[in-house]
Amino acid sequence: SNDKSPNESHHLSASYRIIQANECNFLHRMPHAQQAALRKLVIDLVLATDMAEHMAIVSRLKTDLQKRLQSPEDDIQAGGEVPDELKRLILQAAIKIADIGHLYASHDVHIKWSERLEEEMWRQGDVEKQRSMKVLCFWGLGFGSGFRV
1 SNDKSPNESH HLSASYRIIQ ANECNFLHRM PHAQQAALRK LVIDLVLATD MAEHMAIVSR
61 LKTDLQKRLQ SPEDDIQAGG EVPDELKRLI LQAAIKIADI GHLYASHDVH IKWSERLEEE
121 MWRQGDVEKQ RSMKVLCFWG LGFGSGFRV
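The sequence shown begins at 1 in UniProt numbering and counts up one residue at a time.
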């Protein structure tokens with residue numbers, strides 16, 4: 001276990017444990033090289049949902065897209081192949097939009113999802129305290145403490 005993106009790492013680990021079960025393994029007919037490439041992509045995308053990476057990803061996306069839009073000889077604008085790194089960056093942006101998209105929903109939907117996220121963070125803080133780990137910000141207040149951000 002590591003302390004980098006613990007929540008996202010947990011979700012990845014749990015997901016891959018489930019996929020390894022025979023009755024859940026929808027990847028078993030895929031060649032091993034493709035499985036490895038998909039696994040790497042999924043890991044990169046899920047880790048991109050860590051808000052600690054948010055500004056770095058947004059900054060890279062802005063810089064890369066601005067550079068490409070200002071370059072008339074860009075291969076993509078000419079109908080050429082999109083580089084793998086740009087594909088990955090666009091997919092990271094898409095998963096981030098899905099992850100925090102509730103902010104643009106109706107107020108009651110947004111509140112419901114925010115409360116669920118808050119509960120998850122408090123529970124994570126409780127587990128981190130039990131394991132004598134550093135607890136981030138308000139996460140250590142304990143689920144049900146009544147404190148609302």
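For every residue, glycine included, the Cβ atom is placed at its ideal position computed from N, Cα and C.
Under a Cβ-count criterion, where at least 16 other Cβ atoms within 10 Å of its own Cβ denotes burial, should residue i be classed as buried or exposed?
i	result
Gln92	buried
Gly125	buried
Lys87	exposed
Lys96	buried
Glu81	exposed
Glu23	exposed
Glu8	buried
Which residues mark the beginning and the end of the alpha helix (DSSP H) in which residue i is found?
i	result
Gln34	32 to 47
Val109	107 to 130
Ser71	Taken as a continuous stretch (DSSP letters only), Ser71 belongs to no alpha helix (DSSP H), as it is neither H nor E.
Glu85	84 to 100
Ala52	Neither: Ala52 is in no alpha helix (DSSP H) and is coded neither H nor E.
Ala14	6 to 20
Just how far apart, CA to CA, sit residue i and residue j?
i	j	result
Asp44	Asp84	13 Å
Val149	Tyr16	In this predicted model, Val149 has a pLDDT of only 44, less than 50, meaning its place in the structure is not dependable enough to derive any value.
Ala98	Met121	18 Å
Lys112	Glu118	10 Å
Asp50	Ile100	11 Å
Pro31	Arg131	39 Å
Ala37	Ile19	15 Å
Gln34	Lys62	30 Å
Lys134	Glu128	7 Å
Leu27	Lys40	14 Å
residue 150	Ala94	The structure shown does not extend to residue 150, since the chain is modelled only from 1 through 149, so no value can be given for it.
Under 8 Å by Cβ, that's how I've got residue i and residue j pegged, so tell me the actual separation to the nearest angstrom.
i	j	result
Asp108	Leu89	Rounded, the Cβ-Cβ distance is 33 Å, inconsistent with contact.
Leu47	Ser5	5 Å
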